[in-house]
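Undergrad: Submitted below is the structure of interest, expressed as structure tokens.
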Amino acid sequence: MVLTFIGMHLLAAVLAGPLVRTLGRRGFAVLALVPAGTAAWVATALLGPVRVERTGWVGELGLELSFRLDTLAVVMSLIVSGIGALVLLYCAAYIDPRSTAGSPRLLGGALVGFAGAMLGLVTTDDLLLLYVFWEITTILSYLLVGYLTTSAVSTRAARQALLVTAAGGLTMLVGLVLLGEGAGTYRISELVAGPGASGAAVAWGVGLLLVGAVTKSALVPFHFWLPGAMAAPTPVSAYLHAAAMVKAGVYLVARFAPGYADLPVWQVMVLVLGSATMLLGGFRATRQTDLKLLLAYGTVSQLGMLVLLVGYGSEAAALAGLTLLVGHALFKSSLFLATGAIDHATGTRDIRRLHGVGRAAPWLALAGVLAAMSMAGLPVLIGFVGKEAALAALLEPAPGWLSLQGVAAASFVAGSVLTVAYSLRYVVGAFGPGSPGGGSAPGAGSGAHSWHAPGPLLVGIPLALALGGLALGVTSTALEEVLARHTSTVSLLPGPEVHLGLWHGLSLPLLVSVCVWVLGALWWWRTRDPERATAPLVRVDAGRAYDRLMRGVDRAALESTGFLSRGSLPVLLGTIFVVLLVLPGLQLALGGTTWPSRLRLADSAAQVAVALLVIAAAVLATRARRRLRAVFLVGVTGYGCAMLFLLHGAPDLALTQILVETVSLVVLVLVLRRLSGRFPDDPSVLTRRLRAALGAGVGLVVGLLAVVATSSRIHEPAGAGLPERSVDYGAGKNIVNVILVDIRAWDTMGELSVVLACATGVASLVWLREEALEGVRKGLRSARGARAGWRARPVPTDTGSLPTSRWIAVADRLDPERRSVILEIVTRMVFHTILLWSVYLLLAGHNQPGGGFAAGIVAGLALCLRFLAGRGYELGAALPVMPAAVLGTGLFIAAGSAVIPMLLGSPALRTWDAYLTIPLVGEVHLVTSLLFDLGVYLVVIGLMLDVLRSLGSGLDAQIATERETAGRGTR
Amino acid sequence: MILPITIGVLTAGAIYLMLQRGMVRIIFGLALLAHAANLLILSAGVTAWRGEPLPSRTGVEDAGDPLPQAFVLTAIVIALAVTVLMLAMAVIGHNDDTKRMPETGETHRR
């Protein structure tokens, strides 16, 4: 059921956009139905048994969608949903849909979504799910606080709120995991009810958990984000800071208090930070001139108080804390919404400019005064009931006055004095007569904004909330019955027995309360003049410290990026190579490396000969000044490596390496046509020596690593069981090929994607413009047309054009000076043979050396031959399609062969085989993974075609254009 | 012993070539580095000479470990694709050391 309601919130959040667009601001009233319905449903669970719902989600993680509606969850849900509904209704009168400063549609969606996330947060019974909802509220609060997207203040405040609460949330996640792993369960109810927890891991977990609560509830030292978040529209502030977001931290403390409140780390954090926050927030609130900021600092103070009470650990304090939690939600939202109405009516929230609002809007004033009385703890409101209970619970500190509990009690009394003072400041500032200099009309003293009476909703909703506080105050004994169901579980610390009620006789708490009222009024009287300059109490400003920290982080990121990435490839690569030299080098030199006891020079004489050849070619390649020589020498190392592969028992590798090396040679030569014959000169001898030294160092380290690596085989090879499996599952005898197309086919799929991306990259680098590509397409179309033509046309046998000129398809279109008859004849003779060989390699690859890669490259080499014989025309005649089509088809076939087994209910890429008897050929062994190999084959052909067309014909065309322009220039 | 020496020399040459600005030499360096890495993987997987991993030709006891071979085969093809892409980059300028930005005409110092 809870899940359904959360889903309805989500749906409403999605539909909020169209709803607000069509209905205007009345759409908010429709949206309010969702939280209102939720509140009505939750209310039915108020006195019933605890409802538990569990649905599986991610079984492997032990994550389940579990919800548990106990009393605390029900009370919190009522606050979240009830006030959420009222705030949305208020928005229907408050938000101006014509305003361009922010998007009302986004506001509606984010508010409903926020209500849904809060509902999930307070009802879930799973630690990780709690975290998920927690972070959703963080993200949505960013959208809500940053509602005015054009205002720098607003976006800055939103970023600040996001960074502070998200950092706290991540810290909390670590704590949650520590607690969950330590206890072996992620169910909150089991965790809290479990046996008394102790140990360093639990202490750390609880500490980190509380960091999350402290940041979310804006406790010292993270309190600064809350006043900043006042940049949001007032209904948003009312919801976030009275009922929802900041209450999440309080809820967290209340939720875990029954399990951990006796831990020292808990006591220190909750009591010290709670007390400090209560005093600091209260003190700041008595000095504000903006009504909203006054309420914001008041909220900070109240949050400190709430965390202190619900985390105190005794049953009495928990009862007082929950009562005040409910009371705070009612009076603070009422005050915020009343402030919004004042702002709406007068255009200002500055108490130095407001005057006469009380007379002009008496009902609004009644709401404000009632709510402020509740805040100050005056009878007969719920705030009074809660304060009395709190004083009764705190004034008898069990460990004596010289303890954390004693300090907390003293801070609570002092904070209550400040609360009375700023409550008075709010009432007098908002509804009082104002400064004598003001005019007779109510509103802003000297503003251009004219007074217009707030509508019924803008007055009615704050009044209803304030009256709710009054009603609960009168019926507090009934409230106690409900709350006691939760508070009876909090019993870690001893405490006096406390009951809610308006009259307990002439007791100590009442006496203290009276003193608090008197002292608070005195404090207000001394600081009542809003014009007087206020000096900060302490010089340390947490907000400024935050700014400095963020600037520092920005700067450090910029500086380190600038230092490391200075736009020079050699420096970047050099850094990488130095790390490669230092880290494994130190490991080799210092670490306990086991060196082989006996070194064998080589496995065979052939190996020595080939290795020496490779070494010589590599050394010479580094010294070559001519590009062509370097191409040749690097080619020698490649072919040498192929020989080494062969000598090492890897015929597949040798075959592929030889083919790849040949392709590389062709491509290099094609490219070198565009470049000068020699390499550009080196800058200096010094850099050359540096490079040589670094190269020699890294080479030494890598060589030594190779010595160690080849001699430290301690485990059974990973490929141990593969030969049997390759025959059983893969139905092939070439294990390497079976690995590629079956056992580890997903790797191959990734590799195909790389090849595809590179081919596309080459084409886009060379062709650059769409028109150039269009030319290629046109050429291919005409080539296709011409093919059809050749088939139809009879071979000319009369004089003139002899058949000798037709060794290749497009002979008549070539420049006679640049033709090579021998090459044409050879091409004609071997092209089809090579293609046939490539098909053989493809088919045989499953059992013999070969496979899709090798076959594709062989086919590509055949195309190379056609290209060299007749340039791009001939290539077009040989395969008149765009490379992209071949590449795409290949990937499609490969992916399809992965999907088809899935459709048949088997794992992806599974292989079947069958024996077919074909007349004349004999028995043929067919395997389905051949289809995958066919995809590989096509992708490789596509790459080759792409390379030939881009680096071959494309560069041909560029060279021709340049010659033309150069020729025109000299003429 | 001879294989580690080859790997070391190939690596040294690769790094010498890669630490300068010309794209074509960097590509050559990359090719040498790829050879070195492939030989390293292969020789680490199989400590001494083994037979071909084809059950029809070599007994299971003598056959080489096919897994490193499959890795290296994949690496060879990817190296080819990357080389081709880098070559395309090398030829889009007027020489392979692109000191001039193609679009803006901005020049680097040095």
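As given, the protein sequences belong to chains A and B, one line each in that order. If you're matching positions, the first sequence starts at 1 in the working numbering and goes up one per residue. If you're matching positions, the second sequence starts at 1001 in the working numbering and goes up one per residue. Where a beta carbon is used, it is the ideal one built from N, C-alpha and C, also for glycine.
1. Any contact of the region 346 to 366 of chain A with the region 314 to 328 of chain A, i.e. 3+ C-beta pairs under 8 Å?
2. Going by beta carbon distance, what residues of the same chain come within less than 7 Å of A/ALA859, once the five residues before and after it are set aside?
3. Quick check: the region 95 to 114 of chain A against the region 58 to 71 of chain A, are at least 3 beta-carbon pairs closer than 8 Å?
4. Taking A/VAL80 and A/ARG68 to be in contact with their CB atoms under 8 Å, please state how far apart those CB atoms are, rounded to whole angstroms.
5. Please confirm if B/LEU1030 has its CB atom under 8 Å from at least one CB of chain A.
6. For A/GLY872, return the contacting residues in chain B, with the cut-off set at a CB-CB distance below 8 Å.
7. Please check the pair A/THR827 and A/ARG866, which I expect to be a contact at CB under 8 Å, by giving their CB distance rounded to whole angstroms.
8. Per DSSP, A/ASP913 forms a beta bridge with which residues?
9. So, are the CB atoms of A/GLY205 and A/LEU226 less than 8 Å apart?
10. Rounding to the nearest angstrom, what Cα-Cα distance links A/LEU802 and A/ARG627 in this structure?
11. If contact is defined by three or more beta carbon pairs under 8 Å, each pair taking one atom from either stretch, is the region 622 to 637 of chain A in contact with the region 1011 to 1029 of chain B?
12. What number of angstroms, rounded off, separates the C-alpha of A/THR554 from the C-alpha of A/ALA152?
13. Please confirm if A/HIS648 has its CB atom under 8 Å from at least one CB of chain B.
14. Check whether the Cβ of A/ALA606 lies closer than 8 Å to any Cβ atom in chain B.
15. When you compare each of A/LEU903, A/THR594, A/ALA231 and A/VAL272 to A/ASP290 by their alpha carbons, which one comes out closest?
16. DSSP three-state label for A/TRP57, please.
17. Below 8 Å, can you find three or more Cβ-Cβ pairs linking the region 306 to 316 of chain A to the region 479 to 499 of chain A?
18. Enumerate, from N- to C-terminal direction, the unbroken alpha helix (DSSP H) stretches of 4 or more residues contained entirely within the region 466 to 525 of chain A.
19. Kindly indicate which residue of A/TRP266, A/ARG551 and A/ARG784 has the alpha-carbon position closest to the one of A/ALA878.
20. Beta-carbon within less than 6 Å of A/PRO35's beta-carbon, same chain only, minus the 5 sequence neighbours each way: which residues are those?
21. Do A/SER560 and A/LEU418 come within 8 Å of each other at the CB atom, strictly closer than that value?
22. Which residue from A/ILE342, A/LEU391 and A/SER374 puts its Cα closest to that of A/LEU309?
23. Buried or exposed: which applies to A/SER446, given that a residue is buried once 16 or more other Cβ atoms fall within 10 Å of its Cβ?
24. Less than 8 Å between the CB atoms is what I'm expecting for A/VAL660 and B/ILE1076, so what's the real figure, rounded?
25. Should A/ALA706 go down as buried or exposed, given a rule of 16 or more other Cβ atoms within 10 Å for buried?
26. If you count every other CB in all the chains shown that lies within 10 Å of the CB of A/PRO796, and 16 or more means buried, which is it?
27. Report buried or exposed for A/GLY304, applying the criterion of at least 16 other Cβ atoms within 10 angstroms of its Cβ.
28. So is A/THR656 in contact with chain B if we call contact Cβ pairs under 8 Å?
29. Who are the near neighbours of A/LEU293 in its chain, counting only those whose CB is closer than 7 Å to its CB and skipping five residues on each side?
30. Three or more C-beta pairs under 8 Å: does that hold for the region 266 to 277 of chain A against the region 369 to 389 of chain A?
31. Mind listing the chain B neighbours of A/LEU89? Cutoff is C-beta to C-beta under 9 Å, in chain order.
32. Between A/ALA696 and chain B, is any beta-carbon pair separated by less than 8 Å?
33. Roughly how far, in whole angstroms, is the beta-carbon of A/ALA257 from the beta-carbon of A/MET118, given that I think they are within contact range, below 8 Å?
34. Return helix, strand or coil for A/PHE831, following the three-state DSSP convention.
35. Taking the DSSP output, what are the residues bridged to A/GLU64?
36. From A/ALA542 to A/LEU263, what distance separates their C-alpha atoms?
TA: Inspection of the coordinates gives the following:
1. no
2. LEU835, SER838 and ILE941
3. no
4. Actually they are not in contact, since the Cβ atoms of A/VAL80 and A/ARG68 sit about 16 Å apart, beyond 8 Å.
5. no
6. Under the 8 Å cutoff, chain B gives no residues; its nearest Cβ is about 16 Å from A/GLY872.
7. 6 Å
8. A/VAL927
9. no
10. Model confidence at A/LEU802 stands at a pLDDT of 44, short of 50, so the residue's coordinates are unreliable; what they give is reported in the following sentence. One C-alpha to the other measures close to 41 Å.
11. yes
12. The displayed chain sequence assigns Asp, not Thr, to residue 554 of chain A. Spanning the two alpha carbons is a distance of roughly 18 Å.
13. yes
14. no
15. A/ALA231
16. strand
17. yes
18. 476 to 487
19. A/ARG784
20. SER81, GLY84, ALA85 and ALA115
21. no
22. A/LEU391
23. The predicted model places A/SER446 with a pLDDT of 47, which falls under 50 and marks its position as unreliable, so this point remains unresolved.
24. 5 Å
25. buried
26. In this prediction, A/PRO796 has a pLDDT of 49, which is less than 50 and means its spatial position is unreliable; nothing more can be read from the coordinates.
27. buried
28. yes
29. PRO227 and MET230
30. no
31. The contacting residues do not exist; A/LEU89 stays about 56 Å from chain B at best.
32. yes
33. Between A/MET118 and A/ALA257 the Cβ distance is about 20 Å, and since that is not below 8 Å, they are no contact.
34. helix
35. A/GLY56
36. 28 Å
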